[in-house]
Structure formats: structure tokens, C-alpha cells
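S.K.: Below is a structure I'd like to ask you about.
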Amino acid sequence: MKIIKIQGKNELNGTIKVSGAKNSAVALIPAALLCDEVVKFSNVPDISDIDVIKDIIIDLKGSFRRKDDGFVYIASNEMINKEIPEKLATKLRASYYFMGALLGKFKRVEIYLPGGCVIGARPIDLHIKGFKKLGAKVEFVDNKVIISADELIGNNIYLDFASVGATINIMLAAVKAKGVTIIENAAKEPEIVNVANFLNLMGAKIHGAGTDTIRIKGVDYLHSCFHEVIPDRIEAATFIMIGACLSKDLTVENVIPEHLHSLLKKLDEMGVDLEIEEDKIHVTNKNKLNAIRIRTDVYPGFPTDMQQIIASLLTQAEGTSVIEETIFENRFQNLYELQKMGAIINIDGKRAYIKGPTPLYADNIVASDLRAGAGLVLAALIAEGTTVINNVEYILRGYENIVEKLTNIGAKIELIEI
Ligand code: UD1
2 MKIIKIQGKN
12 ELNGTIKVSG
22 AKNSAVALIP
32 AALLCDEVVK
42 FSNVPDISDI
52 DVIKDIIIDL
62 KGSFRRKDDG
72 FVYIASNEMI
82 NKEIPEKLAT
92 KLRASYYFMG
102 ALLGKFKRVE
112 IYLPGGCVIG
122 ARPIDLHIKG
132 FKKLGAKVEF
142 VDNKVIISAD
152 ELIGNNIYLD
162 FASVGATINI
172 MLAAVKAKGV
182 TIIENAAKEP
192 EIVNVANFLN
202 LMGAKIHGAG
212 TDTIRIKGVD
222 YLHSCFHEVI
232 PDRIEAATFI
242 MIGACLSKDL
252 TVENVIPEHL
262 HSLLKKLDEM
272 GVDLEIEEDK
282 IHVTNKNKLN
292 AIRIRTDVYP
302 GFPTDMQQII
312 ASLLTQAEGT
322 SVIEETIFEN
332 RFQNLYELQK
342 MGAIINIDGK
352 RAYIKGPTPL
362 YADNIVASDL
372 RAGAGLVLAA
382 LIAEGTTVIN
392 NVEYILRGYE
402 NIVEKLTNIG
412 AKIELIEI
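In C-alpha cells, the structure reads:
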């Protein structure tokens, strides 16, 4: 087990670089298995979720190599089609992308149901509905699902909710299907565009990714390519919010500001001092922060993944802020830890009311999931004294070298194996 210890109230200045996006990379690498040749990626984050994706590929006798030059190479020519074991599939949510990828590649996949952060019910009915529409047979045996088809045939698929996972998974299954697939009410997140661009580079014919209608014309062969994982917008958001509280001069590098639009608008409303360049953002804590209202929504709305992080920042804003979580049912666990640290928060169903500003005090706290953990890192950096964060394995799933990165800008932070 690992813990993180943070001594708070230190000023953090300098430059911090954002890594490749977790939610892109965990889809791109399974997508690369559809390729009939070798694929090369840059910017694949070195995080534990990617380690599990790698373990699944190795278990299937595929190849995942991270070379000294930093590039990751994926080859699937020797891959076998076998069950993905429970101990691997349940380690992360994104194991569901092996469903679409292997169904597209082998026309059959046998996999245990995915795991991931416990932030709500997180069903996969829309993924399954999509696979069935493409002609697949779906069989559930206890915690395992077997999806198979003699042939996948393009169809019109309407998603009842614009799910990120279902949109990508259906795209993966449809890329090599016969004929045309149209996904309506598709999700529009930047990670979806990143995956569609990658598939198109290999020869797929996908139009409309980033809008709510995606059209996929099936192809027989996908060839080698080189592709870059986009910068992680949630990691960027985390660093920007750290700067808004604790920095006289922080530059967050390797960002695509357009992907952060809703956050930057809200930070502007709070009064945060921001200077936005093409691929970097400068942030300071020179302004007083005002309370705001946030309602999470699908992209381009305010991301649910940033909600738990901004909650910590809102404890430092003047007045009562309101967060309304509309995507997941159980995404306020971090707030109970903030209360232990001195925050004044009322939780009422889907809404949380945060009254600030309040000083935060170090405590022994627990990360209940990945983004809750990131929010607690921010709270610990703000707090008086030395905070101990438990369950930090969650944080390491999604943040590459978080301890080194924060140390480099002046944080007093330690990762300790206990
Ligand atoms: C992805 C992200 C996660 C992010 C979320 C929303 C990955 C690996 N994870 O998760 O970080 O918080 O998008 O931006 O990229 N739903 C159904 N049926 C389904 C699928 C989803 O009812 O078949 C519901 C979910 O329970 C949830 C909502 O749709 O309430 C959004 O889920 P979805 O967009 O699918 O999120 P994930 O792919 O799980």
C-alpha cells in the first residue's frame, strides 16, 4: 500500500508539463490492435492504468514495447483470441475497449466485466446495444461477457446517453464492419476525436467525430501509422487549479486551451488570474476568488472529472458555491474528507454547497477514487500542516510522475510505501 504525505502552504512556482491523456491512451492502445501492422505512439502516459492495458495485451500474446526514445510500439500480428482474465479486466474501467477492438479484429471476444472507480452504477448497456445492432450475439455468463458475430454489418445506432465509452467502443467495432455505421447522439469529448483521427490515419473512414453524428464506413485493412496522444485535459485542469491557489507564477505546459474551455470560463468567473497562450497557460493566485455555480455535463459542458478537483479550490472562494453533479450518482466522497479538513460543505443529493473561504487543516484522509484523490492533493497543498492521503493507488492510475512534477515546482510531497 502507498500513501502520499504533503506539507501544505508552500508557494509553487515554475513550469509543469502535462502528460498524454489517460482517457485517450487507454482507448488508443486497444484500438491499435485493429491494425494489421505495427503502430507507434508518442506521449503515452506512464501510469498504472496503462500498465494494466499492457498486461492484457501481453496476456493475449500481443506486443507492447515502450522504448528508451519514449515511443510506444504496439503489434498484434501474433495475438491469440482468448478470454481476458478477471484479475486484469476488473482492474480498470477502460478494459471495455477490448470488447470493441477484439470484436472488430477477431469477431469474438470473451472478457470479464470492467472495474474502475466506484463513482456510480456505470452500466455498459449502451456498448452492448451498439454491438448487437452491428449483428453481434451477446451472452452473459456470471461476470463474463462473450460477444461474437459471423459478420459485423453497419447499422444506425442511437445512444440514449452520449456515453464516451460506448461511442468509442462502437467506433472500434464498426471500423472493419461491412457497410456504413451511423452513431447518433454520440459523445463529443476530445478523446473521441483523438481516437477517430488515429483510426483514420490507419485507413479507416470516419467522419463527424466531435459532433453528435459519427459516420463510419467499414474497411478491410488498417495500416501502420504514428500517432500522438493529446495532452490530458484533466491533469492540466488539476495543475491550473493548484496555481490558482498557491502560485505567484506557474506555467502549465503542453495544453490545448480549447479542450479546457468550460473550466477556463468558470475560473475567469471566479476571478482567477490566467494568461492563455497557444499551448500553455500562466496562472497566479494574485486575485481573490469568488464563489461560482457548476453543473457537470457532457463535453463541451463542465467535465464531471474536474468537479471533484474544483471542489477543493471552491473552499477558498468567497461566498457559497454550488456544484451539481449530473453524470455519476456517487461522486461526492471527496467532500467528506474536505469536511474533516475544515471545509464547510452541505451535501444534498446531486448538489453540494461549499461555503468559503475557510482555512484547511492537515488530516489523515482517504482517496475514494482517482479524481477525488487529485482534489485531495490540492486540498493538502492548501492546508496548514502535513496531510496523509491513503489509497493513493487511485491517483497513480491517472497521474504520471505526480510526486516528481509537484516537487519540481516547490511542493513538499512524498510517496511512501507502507
Ligand atoms: C469516461 C471516462 C471518465 C469520465 C466519463 C464522463 C474513460 C476511461 N473514462 O467514463 O473518466 O468521467 O467518461 O466524462 O474514458 N452509461 C450508461 N450506459 C452505458 C454507458 C454509460 O447508462 O452503457 C451512463 C453512465 O452510468 C454515466 C454516463 O452514462 O452515468 C456517462 O458515462 P460514460 O460517458 O460512458 O463514461 P465512461 O465511459 O464510464
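For the sequence shown, this note's numbering assigns the number 2 to the initial residue and increments by one for each residue that follows. A virtual CB, placed ideally from N, CA and C, is assigned to each residue, including glycine. Since the structure is predicted, the reported quantities are computational estimates derived from the model, not experimental observations.
Would you say residue 328 touches the ligand UD1, meaning its beta carbon is less than 8 Å from a heavy atom?
M.R.: Yes, the beta carbon of residue 328 sits closer than 8 Å to at least one heavy atom of the ligand UD1.
S.K.: Kindly identify the DSSP beta-bridge partner or partners of residue 226.
M.R.: DSSP output for residue 226 lists 40 as bridge partner(s).
S.K.: According to DSSP, is residue 276 helix, strand or coil?
M.R.: In the structure shown, residue 276 sits in a strand (DSSP, three-state: E or B).
S.K.: Name the one or two DSSP bridge partners that residue 332 has.
M.R.: Paired residue(s): none; residue 332 is not in a bridge.
S.K.: Just to check my reading of the structure: residue 101 and residue 174 have Cβ atoms closer than 8 Å, yes? What is that Cβ distance to the nearest angstrom?
M.R.: Indeed, because the Cβ distance is near 4 Å, the residues count as touching under 8 Å.
S.K.: Report the rounded CA-to-CA distance for residue 333 versus residue 305, giving the unit in angstroms.
M.R.: Between residue 333 and residue 305, the C-alpha separation is close to 11 Å.
S.K.: What first and last residue would you give for the alpha helix (DSSP H) that runs through residue 98?
M.R.: Per DSSP, residue 98 belongs to the alpha helix (DSSP H) from 98 to 107.
S.K.: State the Cα-Cα distance for the pair residue 420 and residue 186, rounded to the nearest angstrom.
M.R.: Look at the range of the chain in this structure, 2 to 419, and you will see that residue 420 is not part of it.
S.K.: Beta carbon of residue 196, beta carbon of residue 380: below 9 Å?
M.R.: The answer is no: Cβ separation not under 9 Å.
S.K.: Per DSSP, residue 349 forms a beta bridge with which residues?
M.R.: 352, per the DSSP bridge assignment.
S.K.: DSSP three-state label for residue 20, please.
M.R.: Three-state DSSP puts residue 20 in coil, outside helix and strand.
S.K.: Going straight from the alpha carbon of residue 140 to that of residue 58, what length do you get?
M.R.: Their Cα atoms are separated by approximately 23 Å.
S.K.: Identify, in the order they occur along the chain, each residue of the same chain with its Cβ nearer than 7 Å to the Cβ of residue 298, setting aside the five sequence neighbours on each side.
M.R.: So the qualifying residues of the chain are 327.
S.K.: Does the stretch 244 to 251 come close enough to the stretch 267 to 286 that 3 or more CB-CB pairs lie under 8 Å?
M.R.: Output reads yes: the stretch 244 to 251 touches the stretch 267 to 286.
S.K.: So residue 184 and residue 147 are supposed to be a Cβ contact under 8 Å. How far apart are they, rounded?
M.R.: In fact, because the Cβ distance is near 23 Å, the residues do not count as touching under 8 Å.
S.K.: How about residue 188: is its Cβ closer than 8 Å to a heavy atom in the ligand UD1?
M.R.: Yes, the ligand UD1 has a heavy atom inside 8 Å of this Cβ.
S.K.: Take residue 415 and list the residues in its own chain whose beta-carbon comes closer than 6 Å to its own, dropping the five residues that flank it on each side.
M.R.: If we look at residue 415 and ignore the five residues flanking it on each side, its Cβ neighbours are 6.
S.K.: Pull up the CB-CB distance for residue 163 and residue 188, whole angstroms please, since I reckon it's below 8 Å.
M.R.: That pair is a contact at about 4 Å.
S.K.: Taking the beta carbon of residue 320 as the centre, do at least 16 other beta carbons fall within 10 Å, making it buried, or is it exposed?
M.R.: Residue 320 comes out exposed.
S.K.: Here's the rule: buried if 16 or more other CB atoms are within 10 angstroms of the residue's CB, otherwise exposed. What is residue 228?
M.R.: It is buried - the Cβ of residue 228 has at least 16 other Cβ atoms within 10 Å.
S.K.: Are the beta-carbon atoms of residue 233 and residue 368 separated by less than 9 Å?
M.R.: Contact flag unset, no.
S.K.: Please indicate yes or no: does the CB of residue 175 lie closer than 8 Å to some heavy atom of the ligand NAD?
M.R.: Absent from the structure shown: the ligand NAD. Ligands present: the ligand UD1.
S.K.: Just to confirm, are residue 290 and residue 360 a CB contact at a threshold of 9 Å?
M.R.: The answer is no: Cβ separation not under 9 Å.
S.K.: CB residue 135 to CB residue 95, shorter than 9 Å?
M.R.: Cβ atoms of residue 135 and residue 95: not closer than 9 Å.
S.K.: Specify the secondary structure class of residue 149 as computed by DSSP and reduced to three states.
M.R.: Correct three-state label for residue 149: strand.
S.K.: Since residue 38 and residue 224 should fall inside the 8 Å C-beta cutoff, what is the C-beta to C-beta distance between them, to a whole number of angstroms?
M.R.: Yes, residue 38 and residue 224 are in contact; Cβ-Cβ is about 5 Å, under 8 Å.
S.K.: Which partner residues does residue 289 have in the DSSP bridge list?
M.R.: Beta-bridge pairing links residue 289 to no other residue.
S.K.: Alpha carbon to alpha carbon, what distance is there between residue 199 and residue 312?
M.R.: The straight-line gap from Cα to Cα measures roughly 34 Å.
S.K.: Is residue 274 near the ligand UD1 - that is, is its Cβ less than 8 Å away from at least one heavy atom of it?
M.R.: Incorrect: residue 274 has no Cβ contact closer than 8 Å to the ligand UD1.
S.K.: For residue 251, which option in 257, 260, 261, 239 has the closest C-alpha, if you only look at C-alpha atoms?
M.R.: It is 239.
S.K.: Between which two residues does the alpha helix (DSSP H) harbouring residue 309 extend?
M.R.: Per DSSP, residue 309 belongs to the alpha helix (DSSP H) from 305 to 315.
S.K.: With DSSP collapsed to three states, give me the class of residue 159.
M.R.: Strand at residue 159.
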